[in-house]
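Read the structure below first, then the notes.
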Amino acid sequence: MSSAPLVDLLRGEVLEIAPALLGWTMLVDGVGGVIVEVEAYREDDPASHSYGGPRGRNVVMFGPPGFAYVYRSYGVHWCLNLVCEQEGTGAAVLLRALEPTHGLEEMRKRRGLDEPRLLCSGPGRLTQALGVSGEHDGLPLDAAPFSFFPPVEPVPAVATMRIGITKAVEQPWRFVAAGTRFVSRGPTG
DNA sequence: GTATTGATCTTCT
DNA sequence: GAAGATCAATACA
Numbered sequence: 004m005s006s007a008p009l010v011d012l013l014r015g016e017v018l019e020i021a022p023a024l025l026g027w028t029m030l031v032d033g034v035g036g037v038i039v040e041v042e043a044y045r046e047d048d049p050a051s052h053s054y055g056g057p058r059g060r061n062v063v064m065f066g067p068p069g070f071a072y073v074y075r076s077y078g079v080h081w082c083l084n085l086v087c088e089q090e091g092t093g094a095a096v097l098l099r100a101l102e103p104t105h106g107l108e109e110m111r112k113r114r115g116l117d118e119p120r121l122l123c124s125g126p127g128r129l130t131q132a133l134g135v136s137g138e139h140d141g142l143p144l145d146a147a148p149f150s151f152f153p154p155v156e157p158v159p160a161v162a163t164m165r166i167g168i169t170k171a172v173e174q175p176w177r178f179v180a181a182g183t184r185f186v187s188r189g190p191t192g
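Numbers in my numbering are just positions in the first sequence, counted from 1, shifted up by 3.
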């Protein structure tokens, strides 16, 4: 299974995992693209859902690495995280943007858009384009419908301040692939 | 081009 | 009852 290296990677430290995820290709049911923007969250991060320990929807974040944590944002959108480190650590990486490469037509149909740039350039857009929803919460990442492929060549990561949150915004835990234009707003977007 | 607001669900107070 | 890891539409300049 091509996803084994991914689960291996996710066992490390989340602040090292996040930039290392850039350049990976992620597909859900054959539809997806290259990861170009991610954000790290930990239990000791006031902005993280895992802050304060496991309770409610966040229990998946405290499970073993290599699983998906999907939650609803503002009652409108879904957001997809990859659980990291070890069982009980409450660390995860939020996928914020992809560069669409597979299943473009399917994504355009789901998003109702023509502009490839806007198909996956944001956490909510990404999940809609890939068809990810609450049904995927807690699913293993090394089994269908998920598939991951390592970068062909290393992608330079740029660390920036975080976006869309109100606590610990100054932590440079948002990582963007250098030079891409398929990200939500920021220094390289 | 930037600024503001509505949509609508889960969790916490 | 209020806030939040968002997006898209609207109102301005």
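Every residue, glycine too, gets a C-beta built ideally from N, C-alpha and C.
query = Rounded to whole angstroms, how far is the Cβ of PRO148 from the Cβ of ASP32, which I believe are closer than 8 Å?
reply = The count along the first sequence starts at 1 and reaches residue 148 at position 145. The count along the first sequence starts at 1 and reaches residue 32 at position 29. Yes, they are in contact, since the Cβ atoms of PRO148 and ASP32 sit about 4 Å apart, within 8 Å.
ask   = Does the beta-carbon distance from ARG177 to ARG120 come in below 8 Å?
value = For the purposes of this step, residue 177 is identified with residue 174 of the first sequence, where counting begins at 1. For the purposes of this step, residue 120 is identified with residue 117 of the first sequence, where counting begins at 1. Not closer than 8 Å, so no.
inquiry  = Whole angstroms are fine: how far does the CA of GLY56 sit from the CA of PRO154?
reply    = Along the first sequence, one-based indexing puts residue 154 at 151. Along the first sequence, one-based indexing puts residue 56 at 53. Taking the straight line from one Cα to the other gives about 33 Å.
query = Which whole-angstrom value describes the C-beta separation of LEU13 and GLY69, a residue pair presumed to lie in contact below a C-beta threshold of 8 Å?
reply = Position 10 of the first sequence, counted from the start, is the residue given in the question as residue 13. Position 66 of the first sequence, counted from the start, is the residue given in the question as residue 69. Indeed they touch by this definition, with Cβ atoms about 5 Å apart.
query = Where does THR183 sit, in a helix, a strand or coil, going by DSSP?
reply = Taking the first sequence and counting its residues from 1, one reaches residue 183 at position 180. The answer is coil: DSSP assigns THR183 none of H, G, I, E or B.
request  = Find the nearest neighbour of ASP140 within the set SER150, MET64, GLU108, GLY115, judged by alpha-carbon distance.
outcome  = Working through the first sequence from its first residue, we reach residue 140 at position 137. Looking at the Cα atoms, MET64 is the closest of the given residues.
request  = Can you have a look at SER124 and say buried or exposed, based on whether 16 or more other CB atoms are within 10 angstroms of its CB?
outcome  = Locating residue 124 in the first sequence gives position 121, where the first residue counts as 1. It counts as buried.
request  = Determine, using beta carbons only, whether LEU144 and ALA71 come nearer to each other than 8 Å.
outcome  = Taking the first residue of the first sequence as 1, we reach residue 144 at position 141. Taking the first residue of the first sequence as 1, we reach residue 71 at position 68. In contact: LEU144 and ALA71 (Cβ atoms closer than 8 Å).
key: Delimiting residues of the beta strand (DSSP E) encompassing GLY64   = Working through the first sequence from its first residue, we reach residue 64 at position 61. It should be noted that the sequence gives Met, not Gly, for residue 64. That residue, MET64, is in no beta strand (DSSP E); it is neither H nor E in DSSP.
query = If you draw a straight line from the C-alpha of VAL41 to the C-alpha of LEU25, how long is it?
reply = In the first sequence, residue 41 corresponds to position 38, counting from 1. In the first sequence, residue 25 corresponds to position 22, counting from 1. Roughly 8 Å between the two C-alpha positions.
request  = Assuming HIS105 contacts GLY36 (C-beta within less than 8 Å), just tell me the rounded distance between them.
outcome  = Taking the first residue of the first sequence as position 1, residue 105 is located at position 102. Taking the first residue of the first sequence as position 1, residue 36 is located at position 33. That pair is a contact at about 6 Å.
task = My understanding is that LEU83 touches THR130, with C-beta atoms under 8 Å, so please give their C-beta distance in whole angstroms.
result = Within the first sequence, numbered from 1, the residue matching residue 83 stands at position 80. Within the first sequence, numbered from 1, the residue matching residue 130 stands at position 127. LEU83 to THR130, Cβ: 5 Å. Contact.
inquiry  = Between the alpha carbons of ALA43 and LEU107, how many angstroms are there, rounded?
reply    = Walking along the first sequence from the start, residue 43 turns up at place 40. Walking along the first sequence from the start, residue 107 turns up at place 104. Roughly 27 Å separates the two Cα atoms.
task = Give the straight-line distance between the Cα atoms of ALA7 and VAL39, rounded to the nearest whole angstrom.
result = Numbered from its first residue, the first sequence carries residue 7 at position 4. Numbered from its first residue, the first sequence carries residue 39 at position 36. Taking the straight line joining both Cα atoms gives about 21 Å.
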